[in-house]
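In the working numbering, the protein residues as written are 1344 to 1706.
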């Protein structure tokens, strides 16, 4: 297992550690519910340094990104970021990612999922053979901390060399942070609770300096370290997809409700397949549901109709700490996907009633 620059701090803080995407990662510290509420109501710090970062440079960087991603990266100007996805030749999702415009038409950073770093790199490199953009995989030397919650930027503002309180959603700046230069601070995150993500190079003790400064500043104000367990419950309450669960190489952006990042005004891999799917209609759809009867839905549980016929499967599920009820996402036959439709989750051979609802689960 790989360690991040912060693994020693997680262990010293008593975190429950486990393997995730090849890394030794903290799952929880004080408990998922407590950590979840900390982020929803105040602020928490996540070590997400296992994520992958690629730099694409040169005049062919944007044309390459336009070809491999579904969203329109040509709209990005310096300091703006964009949620997007990579599609394979069948229209399936290679990965979902964030594209950062470092320098318009010249330099971009792609942030990809930890489990897909090698797969994504190889896919992009393969597509780059016809473009010739300059490519750099900086994943191993890049630290990434997400400080999330309604009070995150207020707590961290004294450490930042520029205004982060008024950083617009999906924009970023490069500035100093805790005295460390060239830190990228981004108004992005995976919790729906607000906050920032900070990227910086792991060199000359910068990881220790930044971690200690955040903890020393934040701990008296209630900021706590948060593990991947609460990260999962937080993202699920917002209806955010998790690669490998809710989206993968066999699901298309349209089936996953990601039509909003699929722009048919430009050319991209498998555009014609997805256009045809849009015109003819999808056969399955990713929906959100809340449990009506008591029960916790889990990944791979079957979704059935009132007659007990299988109509789909659960891709993500949990007991929502905010709503105090079971919630989940899953693919169902399009005929059964209407909002308000009653469905049944098979839990230990019992059919437990649920209802399809609009996402996000939290308004």
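Backbone N, C-alpha and C define an ideal beta-carbon position, used for all residues, glycine too.
(request) Give the DSSP-derived three-state secondary structure of residue 1447 in the structure shown. (result) Numbered from its first residue, the chain shown carries residue 1447 at position 104. Three-state DSSP puts residue 1447 in coil, outside helix and strand.
(request) Measure from the alpha carbon of residue 1447 to the alpha carbon of each residue in 1409, 1429, 1560 and 1405, then state which is nearest. (result) Here residue 1447 refers to the residue found at position 104 when the chain shown is read from its first residue. That would be 1405, whose Cα lies nearest to the Cα of residue 1447.
(request) Could you tell me the boundaries of the beta strand (DSSP E) in which residue 1360 lies? (result) Here residue 1360 corresponds to residue number 17 of the chain shown, with the count starting at 1. Run containing residue 1360: 1359-1363, per the beta strand (DSSP E) assignment.
(message) Counting C-beta neighbours from all protein chains within 10 Å, is the total for residue 1481 16 or more, i.e. buried, or is it exposed?
(response) In the chain shown, residue 1481 corresponds to position 138, counting from 1. It is exposed - the Cβ of residue 1481 has fewer than 16 other Cβ atoms within 10 Å.
(message) Can you check which of these residues, 1493, 1348, 1438 and 1401, is closest to residue 1591 by C-alpha distance?
(response) Translated into positions along the chain shown, residue 1591 becomes position 248. When only C-alpha atoms are compared, the closest one is 1438.
(request) Could you pull the start and end residues of the alpha helix (DSSP H) that residue 1390 belongs to? (result) Against the chain shown, residue 1390 aligns to sequence position 47. Where residue 1390 is concerned, there is no enclosing alpha helix (DSSP H), although the beta strand (DSSP E) it sits in stretches over 1387-1390.
(message) Which residue marks the beginning of the alpha helix (DSSP H) containing residue 1551, and which one marks its end?
(response) In the chain shown, residue 1551 corresponds to position 208, counting from 1. Here the alpha helix (DSSP H) through residue 1551 covers 1549-1561.
(message) Using a Cβ-Cβ cutoff of less than 8 Å, which residues in the same chain neighbour residue 1358 once the five nearest sequence positions on both sides are dropped?
(response) Numbered from its first residue, the chain shown carries residue 1358 at position 15. Apart from the 5 residues on each side of it in sequence, residue 1358 sits with its Cβ closer than 8 Å to the Cβ of 1369, 1370, 1371, 1372, 1568 and 1570 in its chain, given in chain order.
(request) Locate the beta strand (DSSP E) running through residue 1369, then write down its first and last residues. (result) Counting from one through the chain shown, the residue named residue 1369 turns up at place 26. Residues 1366-1371.
(request) Report the rounded CA-to-CA distance for residue 1534 versus residue 1415, giving the unit in angstroms. (result) Taking the chain shown and counting its residues from 1, the one referred to as residue 1534 is at position 191. Taking the chain shown and counting its residues from 1, the one referred to as residue 1415 is at position 72. Approximately 24 Å, taken between the alpha carbons.
(request) Measuring alpha carbon to alpha carbon, tell me which of 1619, 1587, 1582 and 1612 ends up nearest residue 1601. (result) Taking the first residue of the chain shown as position 1, residue 1601 is located at position 258. Ranking the options by Cα distance to residue 1601, first place goes to 1582.
(message) Any heavy atom of the ligand MN closer than 7 Å to the beta-carbon of residue 1639?
(response) Among the components modelled here there is no ligand, and therefore nothing to report on the ligand MN.
(request) Classify residue 1462 as helix, strand or coil using the three-state DSSP reduction. (result) By one-based count along the chain shown, residue 1462 stands at place 119. DSSP, read as helix, strand or coil, puts residue 1462 in helix.
(message) Quick check on the burial criterion: 16 or more other C-beta atoms within 10 angstroms. Buried or exposed for residue 1637?
(response) By 1-based counting over the chain shown, the position of residue 1637 is 294. Classification of residue 1637: exposed, given that the 10 Å Cβ count is below 16.
(request) Under the assumption that residue 1640 contacts residue 1376 (Cβ atoms under 8 Å), give the Cβ distance between them as a whole number of angstroms. (result) What you label residue 1640 is simply residue 297 of the chain shown in a count that begins at 1. What you label residue 1376 is simply residue 33 of the chain shown in a count that begins at 1. With 8 Å as the limit, residue 1640 and residue 1376 do not qualify as a contact, their Cβ atoms being about 18 Å apart.
(request) Just tell me which of 1644, 1428 and 1523 has its CA closest to the CA of residue 1687. (result) Here the question's residue 1687 lines up with position 344 in the chain shown. Comparing alpha carbon positions, the residue from 1644, 1428 and 1523 closest to residue 1687 is 1644.
(request) State the Cα-Cα distance for the pair residue 1629 and residue 1676, rounded to the nearest angstrom. (result) As a working mapping, residue 1629 is identified with position 286 in the chain shown. As a working mapping, residue 1676 is identified with position 333 in the chain shown. Spanning the alpha carbons of residue 1629 and residue 1676 requires a straight line of approximately 9 Å.
(request) Figure out for me which residue from 1659, 1657 and 1632 has the closest Cα to the Cα of residue 1704. (result) Working through the chain shown from its first residue, we reach residue 1704 at position 361. In this structure, 1632 is the residue among 1659, 1657 and 1632 with its C-alpha nearest to the C-alpha of residue 1704.
(request) To the nearest angstrom, report how far apart residue 1619 and residue 1605 are at their CA atoms. (result) Within the chain shown, residue 1619 is the residue found at index 276, counting from 1. Within the chain shown, residue 1605 is the residue found at index 262, counting from 1. Approximately 13 Å, taken between the alpha carbons.
(request) Flag this pair as yes or no: are the beta carbons of residue 1609 and residue 1634 separated by less than 8 Å? (result) Here residue 1609 refers to the residue found at position 266 of the chain shown. Here residue 1634 refers to the residue found at position 291 of the chain shown. No.
(request) Using the Cα positions of residue 1650 and residue 1490, report the straight-line distance between them to the nearest angstrom. (result) Translated into the one-based positions of the chain shown, residue 1650 becomes position 307. Translated into the one-based positions of the chain shown, residue 1490 becomes position 147. When rounded, the distance between both Cα atoms is 46 Å.
(request) Output the residue ranges of the beta strand (DSSP E) runs that lie fully inside the stretch 1666-1703 and measure 3 residues or longer, sorted by chain position. (result) Assignment of beta strand (DSSP E) within the stretch 1666-1703, counting only whole runs of 3 or more residues, yields 1668-1676, 1685-1690 and 1693-1700 in chain order.
(message) So for residue 1598, helix, strand or coil by DSSP?
(response) As a first step, residue 1598 must be located in the chain shown, where it is residue number 255. In the structure shown, residue 1598 sits in coil (DSSP, three-state: anything other than H, G, I, E or B).
(message) At the level of alpha carbons, what is the spacing between residue 1545 and residue 1690?
(response) Against the chain shown, residue 1545 aligns to sequence position 202. Against the chain shown, residue 1690 aligns to sequence position 347. Straight-line measurement puts the Cα of residue 1690 at about 45 Å from the Cα of residue 1545.
(message) What does the Cβ neighbour count give for residue 1589, buried or exposed, with the cut at 16 atoms within 10 Å?
(response) Locating residue 1589 in the chain shown gives position 246, where the first residue counts as 1. The residue in question, residue 1589, is buried, as its Cβ has 16 or more Cβ neighbours within 10 Å.
(message) Suppose the cutoff is 6 Å on Cβ atoms and the five residues either side in sequence are ignored; what does the same chain contact list for residue 1393 look like?
(response) On the chain shown, residue 1393 is found 50 positions in, with the first residue counted as 1. Excluding sequence neighbours, residue 1393 sits near 1364, 1366 and 1457.
(message) Our contact map puts residue 1502 next to residue 1530 with C-beta atoms below 8 Å; I'd like the distance itself, whole angstroms only.
(response) Position 159 of the chain shown, counted from the start, is the residue given in the question as residue 1502. Position 187 of the chain shown, counted from the start, is the residue given in the question as residue 1530. Incorrect: roughly 16 Å between the Cβ atoms, too far for contact.
(request) Go ahead and pull the three-state DSSP assignment for residue 1430. (result) Your numbering for residue 1430 matches position 87 in the chain shown. Residue state, collapsed to three classes: strand.
(request) Pick helix, strand or coil for residue 1378, following the three-state DSSP scheme. (result) Taking the first residue of the chain shown as 1, we reach residue 1378 at position 35. Shown here, residue 1378 sits in a helix according to DSSP, grouped into three states.
(message) Below 8 Å on the Cβ atoms is my contact criterion, and I expect residue 1528 with residue 1539 to pass it. Report the Cβ-Cβ distance as a whole number of Å.
(response) Reading the chain shown from its first residue, position 185 is the one you call residue 1528. Reading the chain shown from its first residue, position 196 is the one you call residue 1539. Contact between residue 1528 and residue 1539 is confirmed by a C-beta separation of about 5 Å, below the 8 Å threshold.
(request) Measure the beta-carbon distance from residue 1681 to residue 1699 and round it to whole angstroms, keeping in mind my assumption that it falls under 8 Å. (result) Translated into the one-based positions of the chain shown, residue 1681 becomes position 338. Translated into the one-based positions of the chain shown, residue 1699 becomes position 356. In this structure, residue 1681 and residue 1699 form a Cβ contact; the two beta carbons are roughly 7 Å apart against a cut-off of 8 Å.
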